[in-house]
Amino acid sequence: MKIVLLGPPGAGKGTQAKSISNRYSIPHISTGDIFRKNISENTPLGIEAKKHIDKGQLVPDEVTINMVKDRLQQDDCKNGYLLDGFPRTVNQAEALQEFLNSRNEDLDTALLIEVPTGFILERMTGRRVCPSCGASYHIKFNPPTAQGKCDVCGSDVIQRKDDTEETVSERLDVYERQTQPLIDFYKERNLLSTVDGTQAINEVFESICNILGSL
Ligand code: ADP
Ligand code: ADP
Ligand code: ZN
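Numbering-wise (my numbering), the sequence shown opens with residue 193 and increments by one.
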């Protein structure tokens, strides 16, 4: 199964990706997580990415596309993968299609988690993440069982530096301008499926499983 997750920042892509990845035994590839890991390790890629991420802007396509292509050629992607946060521009979507075409493959679906803008700010400013395993929590909607500690690995959860009110509004602008056009891109290719992301986390997951089960 090869899946692309679409949706605005804060839609719940990362949250659902963890569950989908477990259920379907496919790797969860989050470009945001890969960038953050590189930032924490101070790699050249991390240093370049940080300049853009801290401002709420996109990392340049060339850097991002090469990074994803490398990742998709690793062994664990043989039986499929779940892309979370990529593609984010039409350029990236075209590069992904070319990559797939060159291997005689195609996506199974681009799954849009639909959440109106009015929900986003509260979701993102209340988000807490695990810096070790990438798990995503929310102070109100999905708090960790032991306060401040990741359920999965026990690390202290943190607030992302780009989850402040200011940066969130820039990221929403970027989403509308650069990423929203991908909805039509995948619709035109008959690959789009849509789930209502305003439901509770477990209900969203159930709806996603129904969609994936009927492909
Ligand atoms: P994305 O990867 O799309 O940016 P996340 O999965 O990190 O989004 O979710 C953003 C925030 O919203 C997190 O704090 C998460 O716990 C919370 N969240 C995710 N899905 C839901 C939901 N269905 N209802 C309420 N809060 C949610
Ligand atoms: P969210 O789901 O909350 O928007 P992500 O973790 O997916 O956050 O991404 C965080 C940041 O990393 C983005 O705001 C952007 O700067 C950068 N980024 C992630 N994926 C991409 C991508 N495909 N292209 C360009 N920049 C990206
Ligand atoms: Zn963790």
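Each residue gets a CB set at the ideal place from its N, CA and C atoms; glycine is no exception.
If you're wondering where the values come from, they're calculated on a predicted model, not measured in any experiment.
{"Item": "Limits of the unbroken beta strand (DSSP E) element including residue 324", "Value": "Segment: none, residue 324 is in no beta strand (DSSP E) and carries neither H nor E."}
{"Item": "Close-in-space but distant-in-sequence residues of the same chain around residue 318 (CB under 8 Å, 5 per side omitted)", "Value": "330, 331, 332 and 333"}
{"Item": "Beta-carbon proximity of residue 197 to residue 299, cut-off 8 Å", "Value": "no"}
{"Item": "Rounded distance between the beta-carbons of residue 340 and residue 277, thought under 8 Å", "Value": "Not confirmed; about 25 Å, so no contact."}
{"Item": "Cα-Cα separation between residue 383 and residue 212, rounded to whole angstroms", "Value": "18 Å"}
{"Item": "Rounded Cβ spacing between residue 240 and residue 255 (contact assumed at less than 8 Å)", "Value": "6 Å"}
{"Item": "Alpha helix (DSSP H) runs wholly inside the segment 297–354, at least 4 long, in chain order", "Value": "309–317"}
{"Item": "Opposing strand residues paired with residue 221 [DSSP bridges]", "Value": "275"}
{"Item": "Test item: CB-CB of residue 374 and residue 287 under 8 Å", "Value": "no"}
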